[in-house]
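Just below is one structure, and these are the notes that go with it.
4 protein chains.
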Amino acid sequence: MSLLLKGGTVVTHEETYQADILCEDGVISQIGSNISTPADTKVLDVTGKLIMPGGIDPHTHMQLPFMGTVAKDDFASGTIAALAGGTTSIIDFVIPNPQQPLLEAYQQWREWSAKSYANYSFHVAITWWDDSVSQDMETLVKDHGVNSFKHFMAYKNAIMATDDILVASFSKCLELGAVPTVHAENGELVYHLQHKMIAEGITGPEGHPLSRPPLVEGEAANRAINIAGTLGAPIYLVHVSTAEAVDAIRYAKDHSQIVFGEVLAGHLTVDDSVYQNPDWETAAAHVMSPPFRPKYHQDALWKGLQAGTLQTTATDHCAFCSEQKAMGKDNFTQIPNGTAGVEERMMVLWEHGVNSGRISANEFVALTSTNTAKIFNIYPRKGCIRVGADADLVVWNPEASKTLSAATHQSNIEHSIFEGMTIHGLPETTICNGKLAWHQGELLAQSGEGKYIERPPYAGYYDTLQKRQELNTPKAVSR
Amino acid sequence: MSLLLKGGTVVTHEETYQADILCEDGVISQIGSNISTPADTKVLDVTGKLIMPGGIDPHTHMQLPFMGTVAKDDFASGTIAALAGGTTSIIDFVIPNPQQPLLEAYQQWREWSAKSYANYSFHVAITWWDDSVSQDMETLVKDHGVNSFKHFMAYKNAIMATDDILVASFSKCLELGAVPTVHAENGELVYHLQHKMIAEGITGPEGHPLSRPPLVEGEAANRAINIAGTLGAPIYLVHVSTAEAVDAIRYAKDHSQIVFGEVLAGHLTVDDSVYQNPDWETAAAHVMSPPFRPKYHQDALWKGLQAGTLQTTATDHCAFCSEQKAMGKDNFTQIPNGTAGVEERMMVLWEHGVNSGRISANEFVALTSTNTAKIFNIYPRKGCIRVGADADLVVWNPEASKTLSAATHQSNIEHSIFEGMTIHGLPETTICNGKLAWHQGELLAQSGEGKYIERPPYAGYYDTLQKRQELNTPKAVSR
Amino acid sequence: MSLLLKGGTVVTHEETYQADILCEDGVISQIGSNISTPADTKVLDVTGKLIMPGGIDPHTHMQLPFMGTVAKDDFASGTIAALAGGTTSIIDFVIPNPQQPLLEAYQQWREWSAKSYANYSFHVAITWWDDSVSQDMETLVKDHGVNSFKHFMAYKNAIMATDDILVASFSKCLELGAVPTVHAENGELVYHLQHKMIAEGITGPEGHPLSRPPLVEGEAANRAINIAGTLGAPIYLVHVSTAEAVDAIRYAKDHSQIVFGEVLAGHLTVDDSVYQNPDWETAAAHVMSPPFRPKYHQDALWKGLQAGTLQTTATDHCAFCSEQKAMGKDNFTQIPNGTAGVEERMMVLWEHGVNSGRISANEFVALTSTNTAKIFNIYPRKGCIRVGADADLVVWNPEASKTLSAATHQSNIEHSIFEGMTIHGLPETTICNGKLAWHQGELLAQSGEGKYIERPPYAGYYDTLQKRQELNTPKAVSR
Amino acid sequence: MSLLLKGGTVVTHEETYQADILCEDGVISQIGSNISTPADTKVLDVTGKLIMPGGIDPHTHMQLPFMGTVAKDDFASGTIAALAGGTTSIIDFVIPNPQQPLLEAYQQWREWSAKSYANYSFHVAITWWDDSVSQDMETLVKDHGVNSFKHFMAYKNAIMATDDILVASFSKCLELGAVPTVHAENGELVYHLQHKMIAEGITGPEGHPLSRPPLVEGEAANRAINIAGTLGAPIYLVHVSTAEAVDAIRYAKDHSQIVFGEVLAGHLTVDDSVYQNPDWETAAAHVMSPPFRPKYHQDALWKGLQAGTLQTTATDHCAFCSEQKAMGKDNFTQIPNGTAGVEERMMVLWEHGVNSGRISANEFVALTSTNTAKIFNIYPRKGCIRVGADADLVVWNPEASKTLSAATHQSNIEHSIFEGMTIHGLPETTICNGKLAWHQGELLAQSGEGKYIERPPYAGYYDTLQKRQELNTPKAVSR
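Residue numbers (this note's numbering), protein chains in the order written: chain A, 38 to 516; chain B, 38 to 516; chain C, 38 to 516; chain D, 38 to 516.
Here's what the structure looks like:
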């Protein structure tokens, strides 16, 4: 069955205009005025509504095994939440245990994700190094549609990638046409400060931000960027949460480097006062890394989005319930790190971005969908509204409003970091692969309808990098 | 007659892909694989060639009356030069004398430009102020398709706009949805330094850059940006030539302001050593304002383009021949300011941008065409390759090469600031309004075929500005 | 009678050490351990106390005729307040009316200041320009010990110095070895915004900051700095109150320019919420220019002091009582601009600087005394503790504390912008010209004991400027 | 025998004035006009000459065992060279082998240095970590006058300090009141690039800078600064050679951090074209780390000195002769790293700093002597001209000139990186510990007359750091 959206206003990263949109066989087949209705076509009147590319959340962790437990939202509940919020694709993470073959881990995650309601793809984490890792990276890129690899600069004694691994892996990424990405926190400093806090008797959630102060992120951001810059590789920083990291990205971009920065809806709107909450459970519910920050960092993050220093928005959706959080009752370092948000991301950005006058509706589209598609090389298949593109769309009702709450969210956990925030302008209908997937509060998609997204290597910005490599090839002096 | 381009590679600001392009009735009517040839259609085999949007030069001065003479290239020779270089549209300037009604000047320029071979539009300069000027601005925006006004911060005792004029005019621009633009040089300092140089016996062209050092531009750039920022208006800086001005733009962009910066092909590649040329005529041929700069500024300008701090490239094409330049034989302040370049701009940017690894071919398109179209609100009619867009295209042969020279350029003057520069990759065919306008070294367009481009007010970024204005409306405290 | 301070801790801008200090004939004659007591010498036991150079406030306006009235604190009450707060010297301003000869105004101010209790000197304002002004500047420098000239970039239609005046005067300053100083606010923008606020019905004190937003200062700071930089002159910015101005100074210093910045105790600690006070009188009491700012600017100012971007602290002491402030009851633009502070400056800086861990006690001395003495070329006569230096000292009791209040201050006005601020560490004894001037809450100095301070031209930093001028002298190209 | 300098001009970091200086018992006993000559006093007429504090070179490596050989200049020849150039004190480095007890290494270096002609002190390197290292640091600070510890972030598999060591050692430094210092280069990147160059067949000295590009230093500078900032420790960066590292220091200083930067005379004046020298021996003679840089970095370094971002000048004097350099004939990574300069440092800074108009003579003193004394807490015993200070002085003849050359230098090696540089203004007489040590080209000092300088912990800037630590002590939330 086809689907015809009539009477809406199309909003892309570049333009706003009136048009009908016809979706057939999972793709957009026509855009125009007064499209006539083909047979077997459902017609949706979207007069007064905005039609935008479906959101892409480039950073989620569904059913992640982490810190001795497994995240509560799996690929089913997690992608339902995504669809409820207008997000039609997620990029999740395959995270091998150190010494585990990358391909084995990749297969595991592919199995887990088979039940997805929305589309999905995978970054693969590099948590250790030897020749087989290098080989598997190549296989993943060439045979499995992976074009990005993640590196955790924190989590010492677990999945931390030390500088030698970063150098080796970034070099391999460059060779393969894949984007290296980093979680930027200095693991040695975190380790030191965690022990210091515990030694000083600070065992509650308030110790969490104290053990990961802003400079810890600023340092690692700088390091990753400089390593990439030295090697001639691009670099993508996930969940940038501090003014310092924004400054590091800006500095590199202002010096000809190709750097991308992602920011979470949570870091844009929640500050570190949450860790002072007298209710342990509430404070613990906000434990994630990097932690929420003093308020002025939010301003820096918004300015970063406005200036183009940061290009994507994500959630790091990794849902742990109160019972899981309680594992760290006596020691904040044992609280599973993670919060939800895949459902709320676009709404939060609409309210605090568009409604506040910080960004335009077109920039909203760029920041929630298009830029991610471009960076990870699935544009213009995803992230745009164009004949031939995948029919992943969200219909936004600028007149509707609601108040966010854990009581009504789709996630399987009892807390929402956005609890009580009122949103003016809501996703009303989500179309995934050309079908109604979520409509007026009702889930219409089926488990398994979400498709795996293959992402080819060598996005646009690689041309420039390769040309530079070529020109910069050093030469021996003849003596 | 229609035109079908077969076998080429389409390059836009976002993508590169293989496709045929059919142009009918002045617009692009089809893009696709193996388009069948309609009747009455000329077919051009462009295998191995790149098809890009025709260039838009947002800064030219054809047949400008200036400093007691008139620029040698008129709208005929100037637009022929444009077409020869792949540029299908120019935005020229209506410059009223102080006290001259804006509409009168506008009509004058429209008459002069009727003979154009390529498309054209006009910024209108604000060289004086009273209520009639404000009224005429409104008429120009509402009835004549003008959406940008220019302000000269230099040229004291002539066309200089002092701060009170800037404040009044920028406010009016904001109200009308038009972009204020500035030539940023501190006119008082220039005036002081010109007199100082002459007093010290420095009367040759070497005095020109000494009377307009980089800080003179940095100051004015900062001033214009801050005035616009205070009023909530956008601002566009023409011919940014210094690291200081780039820094000023970057600072404002990093602080949520909407600022645009233009750079000239000349400032990117020619340095101030030209003023030391022992041949007076050659040195004088390079006299333009702002002057060519010490080499390190070029690096800052390129970095500015790479980082998105600067968005457009232009030429300030304003051609004076040697005889005209000789008016300042004994006093450099009398040398008519101006150089040519509308023909060479895209070639220079290709060689020093794309071939050098500084920018990608997609960025090349953005910087020579798309960004200008977006800022001045003629996108997606211009600046893109899309069904329905104007068929203004350039076919680029990446394998061809030539050496630039005044001996072979189209301009009516005896010097080229790019003399001797070899270019690898050339515009081979220029299509304007769906017709072959320049093909393999031959002019095919007719005088008068160039069309006036109406530019509507309120470009995309105005949404955000208006929302901000709304939210920032101050309130009285009740006491 | 001589004076011997025994048992104290000497704190200078560089060092902290134990020593006795003997003051004879107005100067420090001995510093050492266990100085024996000469005849006719008063001995003061200062065990446990800190002895620091007496404060120098480089920015006061005693009995200033301004906005149709005269400031309430004259050179008597104003310098008593200074002594009460540990400040032994002020630099006030001679402000000629436009067209008034500078020397005439200078003589007037010298007369008014004859009754001073503390030492004083004068910056002279350049409020208009012709050859006689230039002549008088020379006379003031050569014959009257003036080495600094002030320029108001605001106050259009009154004392505003336009760019042509700045260029002429800065050039003359450079020639004379004097420091140009500026009040940096763009007068045209202020004028425009004042009219806009009034037109919108915002007539109360809350309109004051709205008419002088931060960019208005940032613009003017940049302009003054760039004009000075172009001419090769040094520049001193009075009352820097915004992050933008700090950034402008930093940028110039990072590019080899010699720039100095002054900050007021008020801007460091008071924010713009005061203008929202429902009590008109209280809100009006805070009207000064530049206005108090949103809180985050304070952070930028402190960082500026810590990094050396700003070097001096002042007050802009210009006291208007409630009756005077009421002149603007119906129109904030008529409220006389000014607040008090000469008494509280050092205490405020001690509490919020030293006690807060922002600066060391040595930096406190530099910021309240030494740096001003160096910049205005009266070091090491003033601003240090050294044999041969003027015996201007303050004895600080780090253990004492009090709460600041208009109820107890020396100024003749009914409000204090520091009302309610508790200070830990107080000036207990002030020694001026070798005599006890203020001791434990009691005034011991006499009217007229304050001395006029002649300041010779050509301070240390002029060597470098002169060398640069020499090297940069441009040359004609021989053709 | 005492020494009386008559008729000279005293130049300190703050002032310039005429005075005679009497030196008795190794210290300055009188400064004044027309000092009468005590018995047994040598009188030196220094009319027309400048008397400045003797230079302090905070970075030398005399007779260092390194890369399989030992530096050619030992504490005898090295300190003779120092005296010849006006430098009266050096701070050298104790560099324990990994696993070697710090105290053992310290004793070894004390023995080697006993023959010194000039004064000396030692930084001690932290090349490994366990509790004994921590204990030895404490002993060195408390019993041996060491107040600074060095960390090499490069030299993987040798003396490189990894992040865990930096964290532990910086924390210990803070506790002890000692300054951590770093050689900032990312050792993993250097290791990777060295292997890459060799693999690509680049085995000559031109491979050296290619294996240590500027970002490699920028990264490490940022890392060290951020680690120190996180811990609340000060940090001193040795041999800052890149714009990137200057920017990193500036950023931290602008954000309230206490950071110091040192620059080498060589990096200020020599660029990386030396590595392209067709003569292998000459190219190899310039191999040191960090390497000489592209020219624009020099500009950044000078600007850093001018703005106060960098505070000290040094040489990293570590002399290897041609025979030693030849160890790397077939592999640049085997060329012993090091160049000479302790003799030329002050002359180079005079010529390129003072004579070029970049800095004043007072700034020259600050940058060659005073600032180092302050940072390493030996001020005002060293680094100043004051009664009671050590009589370490240099008499500078501003009229003399010479051309630097290996043919005439004191160092034991065949190359000078300053070969052919002409200096206008020379050190004529060097006075060390109150005695003529070098006079008009003749060595008068004896071996062993140089004294070990004990440096006490807790310099001025520690007050502020400690206050901050106190205020920032985190607290547990009561739940």
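Quick reminder that beta carbons are idealized off the backbone N, C-alpha and C, glycines included. Just so it is clear, the structure is predicted and the values come from calculations on it, not from any experiment.
query: Suppose the cutoff is 6 Å on Cβ atoms and the five residues either side in sequence are ignored; what does the same chain contact list for residue 286 of chain C look like?; result: 296, 298, 346
query: Who are the neighbours of residue 247 of chain B on chain C, taking C-beta pairs under 9 Å?; result: 511
query: By the 8 Å beta-carbon criterion, what residues does the region 478-501 of chain A contribute toward chain B?; result: 497, 498, 500, 501
query: Just to confirm my understanding: we take residue 231 of chain B, look at its own chain, exclude 5 residues before and 5 after, and list those with CB closer than 7 Å. What are they?; result: 248, 370
query: When the Cα atoms are used, what is the spatial distance from residue 372 of chain D to residue 362 of chain D?; result: 5 Å
query: Taking 8 Å as the threshold (beta carbon to beta carbon), is residue 169 of chain B in contact with chain A?; result: no
query: Going by C-alpha distance, which of A/173, A/294, A/452, A/254 is nearest residue 358 of chain A?; result: A/452
query: Can you pull the chain C residues whose beta carbon is under 9 Å from the beta carbon of residue 229 of chain B, in chain order?; result: 201, 204, 205, 208, 267, 268
query: Considering only the alpha carbon of each residue, which of D/170, D/80, D/124 lies closest to residue 134 of chain D?; result: D/170
query: Listed from N- to C-terminal order along the chain, which residues in the region 140-170 of chain D have their beta-carbon within a distance smaller than 8 Å of any beta-carbon of chain A?; result: none
query: Please report how far the alpha carbon of residue 458 of chain C lies from the alpha carbon of residue 131 of chain C, in whole angstroms.; result: 32 Å
query: Beta carbon of residue 484 of chain C, beta carbon of residue 152 of chain C: below 8 Å?; result: yes
query: Which class does residue 210 of chain A belong to by DSSP, given the choice of helix, strand or coil?; result: helix
query: Which residues in chain D sit within 7 Å of residue 340 of chain C, going by Cβ to Cβ distance?; result: 291, 292, 293
query: For the ligand SAH, I want to know if residue 55 of chain B counts as a neighbour, meaning its beta carbon is within less than 7 Å of at least one of the ligand's heavy atoms.; result: Among the components of this structure there are no ligands whatsoever, and the ligand SAH is therefore not found.
query: Use the C-beta contact count for residue 305 of chain D: other C-beta atoms within 10 angstroms, 16 or more gives buried, fewer gives exposed.; result: buried
query: Return the CA-CA distance between residue 123 of chain B and residue 432 of chain B, expressed in angstroms with no decimal places.; result: 8 Å
query: What did DSSP end up calling residue 298 of chain B once you bin it into helix, strand or coil?; result: strand
query: Which residues mark the beginning and the end of the beta strand (DSSP E) in which residue 89 of chain A is found?; result: 87-90
query: Enumerate in chain order the residues of its own chain whose CB-to-CB distance from residue 276 of chain D is below 8 Å, with the five nearest sequence positions on each side excluded.; result: 96, 220, 299, 300, 301, 304, 327, 351, 353
query: Since I believe residue 154 of chain D is in contact with residue 116 of chain D (beta carbons under 8 Å), could you give me their beta-carbon distance rounded to a whole number of angstroms?; result: 4 Å
query: Can you tell me whether residue 254 of chain B is buried or exposed, with buried defined as 16 or more other CB within 10 angstroms of its CB?; result: buried
query: Please name the residue in D/94, D/244, D/106, D/85 whose C-alpha comes closest to that of residue 364 of chain D.; result: D/106
query: Would you say residue 516 of chain A faces chain D, with C-beta separation under 8 Å as the test?; result: yes
query: Does the beta-carbon distance from residue 217 of chain D to residue 186 of chain D come in below 8 Å?; result: yes
query: Put residue 317 of chain B into one of helix, strand or coil per three-state DSSP.; result: helix
query: Taking 8 Å as the cut-off, does the region 413-423 of chain B touch the region 334-345 of chain B (at least 3 CB pairs, one atom from each stretch)?; result: no
query: Is the CB-CB distance between residue 112 of chain C and residue 150 of chain C below 8 Å?; result: yes
query: Going along the chain, which residues of its own chain have a beta-carbon closer than 6 Å to the beta-carbon of residue 380 of chain C, five neighbours each way excluded?; result: 118, 121, 122, 446, 447
query: Closest Cβ-Cβ distance between residue 417 of chain C and chain D: below 8 Å?; result: yes
query: Under the three-state reduction of DSSP, which class applies to residue 178 of chain D: helix, strand or coil?; result: helix
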